[in-house]
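Take a look at the structure set out below.
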Amino acid sequence: MTAYLISGATGFVGTHFLLNLTSEDQFRILSRDPASAAKQCKSLDCAAEFLGAVAWEPTDGDPPPQAFDTMDTLVNFSGEPVAAGRWTESKKNRIYDSRVKGTQNLTNFLLQGSHSIETFMSCSAVGYYGFSGDDELTELSSPGTDFLSTVVQAWEAPLTELEQTDIRVITTRLGVPLGLAGGAFPQMVRPFKMFVGGRIGSGMQWVPWIHIGDCIAALAFLINDTSCSGIYNIVAPQSATNIQLTAAIAKSIRRPAMFPVPAFMLRILLGGFAEVLLESQRVIPQRLIEASFKFTHSTIETAV
1 MTAYLISGAT GFVGTHFLLN LTSEDQFRIL SRDPASAAKQ CKSLDCAAEF LGAVAWEPTD
61 GDPPPQAFDT MDTLVNFSGE PVAAGRWTES KKNRIYDSRV KGTQNLTNFL LQGSHSIETF
121 MSCSAVGYYG FSGDDELTEL SSPGTDFLST VVQAWEAPLT ELEQTDIRVI TTRLGVPLGL
181 AGGAFPQMVR PFKMFVGGRI GSGMQWVPWI HIGDCIAALA FLINDTSCSG IYNIVAPQSA
241 TNIQLTAAIA KSIRRPAMFP VPAFMLRILL GGFAEVLLES QRVIPQRLIE ASFKFTHSTI
301 ETAV
């Protein structure tokens, strides 16, 4: 049995993670709105035993000690959604603070030692690497210098000290999880359903994608295999360009891909976030492959 304490459990990835738990597992969640989060968790078809929700604002300080009672595995999915809304200065501050301060506060508590946590999985992002054109990026690649890269570097920085303790630390850098029930994919599909879909910008940029099923399976694989620790890229083994992604969407729902979105229009609509969609990241899950993880959806065509 694994007893999970989960922060950010009601988001797209967090919810799918809960649905993957077994009847032998237990879980408790940390949430800004525990009543609402508890209601959502109870409504899920989740096999694991739900032990309740505990109030915690990630940017305000240490989590409540009682949340850690009998828990052995901490998983942190918390963070202001990156793709929702224009990147104003206040939005960028929320993106930064919700990730960096939240992870720092969790780490500070764990370093105090008054808990039973054996494994801490911190879910960050492939944004760490910045943009590199056609160059392949592995876990050993250097960080970038753009906004998201600086966020992820600061996000992961507190974990360095924790790695010197007996706690097993797993840092997962997630690509773009694709699924029908949330995240970015429904937004990608919507223009095609309206017959106005097409590539974004040049379409030649690489998209660091992963099917949500493989994403959750990879997270569970890393937690369950006690030999796994350190940094892992959570992306599909076969990269895809934006043109390949849009072609797969168009084919799957039998719609044309005739209306490209010009780069200048995207910048007007989304501000700084537009660069994330227009620039290229060819990320490789090198350490997952070396750990013999088996992907179900290796190509963008099968995933879509």
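Those letters in the sequence shown? Residues 1 to 304, per the numbering used here, in order. Ideal Cβ placement from N, Cα and C applies to all residues, glycine included.
Under 9 Å between C-beta atoms of residue i and residue j
i    : j    : result
P191 : F259 : yes
F77  : A9   : yes
F185 : L174 : no
R28  : F50  : yes
V330 : Y129 : Residue 330 lies beyond the stretch modelled for the chain, which goes from 1 to 304, so this question has no answer here.
L278 : S202 : yes
I210 : A181 : no
I223 : T2   : yes
T70  : Q26  : yes
A248 : P256 : no
Q238 : L140 : no
V151 : G127 : yes
L219 : C123 : yes
P64  : S7   : no
D134 : W206 : yes
N233 : T299 : no
Minimum C-alpha distance to residue i - residue among the options
i    : options                   : result
A263 : Q244, Y232, R199 and T296 : R199
N242 : I223, W56 and V304        : V304
A274 : P256, H297 and L148       : L148
I268 : M194, S23 and W87         : W87
A236 : L18, D135, L21 and T296   : T296
R32  : P58, L18, H115 and T165   : P58
T107 : V207, S132 and G61        : G61
D97  : L18, G144, G79 and F68    : G79
V176 : P208, T165 and E156       : P208
Residue burial classification, residue i (beta-carbon count within 10 angstroms, cutoff 16)
i    : result
G113 : exposed
Q244 : buried
A47  : exposed
G197 : buried
Q281 : buried
F195 : exposed
N93  : exposed
T160 : exposed
Same chain, Cβ closer than 6 Å to residue i, neighbours up to 5 away in sequence not counted
i    : result
L74  : L5, I117 and F120
D214 : F295, T296 and H297
A154 : V100
L266 : A274
Alpha-carbon to alpha-carbon, residue j and residue i
i    : j    : result
M204 : T302 : 20 Å
S16  : E89  : Checking the displayed sequence, the identity of residue 16 turns out to be His instead of Ser. For H16 and E89, the distance between alpha carbons rounds to 31 Å.
S292 : F221 : 10 Å
I167 : A240 : 36 Å
H115 : V54  : 16 Å
C41  : G14  : 10 Å
Own chain partners of residue i with C-beta closer than 8 Å, once the 5 adjacent residues on each side are dropped
i    : result
K193 : I253 and R255
T306 : Because the chain spans 1 through 304 in this model, residue 306 falls outside it and cannot be assessed.
Spatial neighbours of residue i in its chain, beta-carbon cut-off 7 Å, leaving aside the 5 residues before and after
i    : result
M188 : I249
L162 : T107, L110, L111, F120 and V169
I216 : H16, F17 and N20
G52  : R28 and A38
Closer than 9 Å to chain C by CB, residue i
i    : result
E161 : Protein chain content of the structure displayed is limited to a single chain, and chain C is not contained in it.
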